[in-house]
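Participant: So the sequence shown is numbered by this note's numbering: it starts at 1 and just counts up by one. Here a beta-carbon is modelled for each residue, glycine too, at the ideal position from N, C-alpha and C. Nothing here was measured: the structure is a model prediction, and the numbers come from that model.
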Amino acid sequence: MTTEQIENVSGEKPAPVRRRKQQRTVDTRLKIIKAALSEFALRSFDGATTRGISDAAQVPHSLVLYHFRNKEQLWYETVREVVSWYTRRGVGSSRSRSSKDAAARLRRDFDYYIRFCAENPDFFRLLTHENTQASDRLTWFVTHHVGPTVGRTTRLIAQAQAEGRFVEGDALTLLYLFLGAATSPYRSAREIELLTGTRPDVEAAINAHIATCERLFFRTPAPAAAPATA
Numbered sequence: 001m002t003t004e005q006i007e008n009v010s011g012e013k014p015a016p017v018r019r020r021k022q023q024r025t026v027d028t029r030l031k032i033i034k035a036a037l038s039e040f041a042l043r044s045f046d047g048a049t050t051r052g053i054s055d056a057a058q059v060p061h062s063l064v065l066y067h068f069r070n071k072e073q074l075w076y077e078t079v080r081e082v083v084s085w086y087t088r089r090g091v092g093s094s095r096s097r098s099s100k101d102a103a104a105r106l107r108r109d110f111d112y113y114i115r116f117c118a119e120n121p122d123f124f125r126l127l128t129h130e131n132t133q134a135s136d137r138l139t140w141f142v143t144h145h146v147g148p149t150v151g152r153t154t155r156l157i158a159q160a161q162a163e164g165r166f167v168e169g170d171a172l173t174l175l176y177l178f179l180g181a182a183t184s185p186y187r188s189a190r191e192i193e194l195l196t197g198t199r200p201d202v203e204a205a206i207n208a209h210i211a212t213c214e215r216l217f218f219r220t221p222a223p224a225a226a227p228a229t230a
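1) Leaving out five residues before and five after I114 in sequence, what residues of the same chain have Cβ atoms less than 8 Å from its Cβ?
2) Among D201, L156, R165, V146, which residue has its Cα nearest to the Cα of T87?
3) Is it buried or exposed, P60, if we count other Cβ atoms within 10 angstroms and call 16 or more buried?
4) Using a 10 Å radius around the Cβ and a threshold of 16 neighbouring Cβ atoms, would you call Y186 buried or exposed?
5) Helix, strand or coil for F217 per DSSP?
6) Skipping 5 residues on each side, what residues in its chain have a beta carbon closer than 6 Å to that of G92?
7) Mind reading off the beta-carbon distance from F110 to F68? Whole number of angstroms is fine, and I expect it under 8 Å.
8) Count the C-beta pairs between the stretch 148-159 and the stretch 128-139 that are closer than 8 Å, then say yes if the count reaches three, no if not.
9) Given a threshold of 16 other Cβ atoms within 10 Å of its Cβ, counted over all protein chains shown, does T78 qualify as buried or as exposed?
10) Which of helix, strand or coil does DSSP assign to F68?
11) How would you write the range of the alpha helix (DSSP H) that K31 sits in, first residue to last?
Pasting the structure below:
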């Protein structure tokens, strides 16, 4: 009996057919989200259109509106998806979270963040557009995603400073200095390549950038003074 005959008899698609259909739906949705990320990064939320996104994704416009009601919902779902890539890929791993060494945890998180920036520069271009004006989108992102992470990270910075292993200064200011340093080469990748002839997102350049950021922000504590002799 063929798959079509089975479906006709039971009224339901067999499991392999359902799984293939579900996978196609997942693949199409992800394709649209990746195209949306590129369009929002290039044109901003106001400049991007669902039709332009459908063209970039090479899917019918009706399919974009089937998966996402409108451009606003697509923006939110795009940001949620990218954040999920970040968390799934290992930030705050069990090893990092279980460590009591604040500086070591910061090093691991900073290393991971820079690598994520190199792989996903469009996300930070999207956020640059959002920071040009107040919006419900930016408020939502800061409330649900930035705030909790910033609170945890500034506490780690304060702990590492107390141990003499992180540069002195206001923890929040230092965090944003790091975020700027981390993302800058990848937001300006084309400019850097024109100036140097080298892409900043190749492995050797990424490793060099991580090492530079570590030298800028991390410190080796001074050795304890030797006890006085009589």
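Facilitator: Well, looking at it:
1) Taking the first residue of the sequence shown as 1, we reach residue 114 at position 114. So the list reads A182, I206, H209, I210, C213, once near-sequence residues are dropped.
2) As a position in the sequence shown, residue 87 is number 87, starting the count at 1. Comparing Cα positions, the closest option is V146.
3) Numbered from its first residue, the sequence shown carries residue 60 at position 60. Looking at its Cβ environment, which holds fewer than 16 other Cβ atoms inside 10 Å, P60 is exposed.
4) Position 186 of the sequence shown, counted from the first residue, corresponds to residue 186. Buried: at least 16 other Cβ atoms inside 10 Å.
5) Your numbering for residue 217 matches position 217 in the sequence shown. Here F217 sits in helix by DSSP.
6) Taking the sequence shown and counting its residues from 1, the one referred to as residue 92 is at position 92. The predicted model places G92 with a pLDDT of 48, which falls under 50 and marks its position as unreliable, so this point remains unresolved.
7) Here residue 110 refers to the residue found at position 110 of the sequence shown. Here residue 68 refers to the residue found at position 68 of the sequence shown. 34 Å between Cβ atoms; not a contact.
8) no
9) Here residue 78 corresponds to residue number 78 of the sequence shown, with the count starting at 1. So T78 ends up on the buried side.
10) For the purposes of this step, residue 68 is taken as residue 68 along the sequence shown, with counting starting at 1. Correct three-state label for F68: coil.
11) By one-based count along the sequence shown, residue 31 stands at place 31. Residues 15-47.
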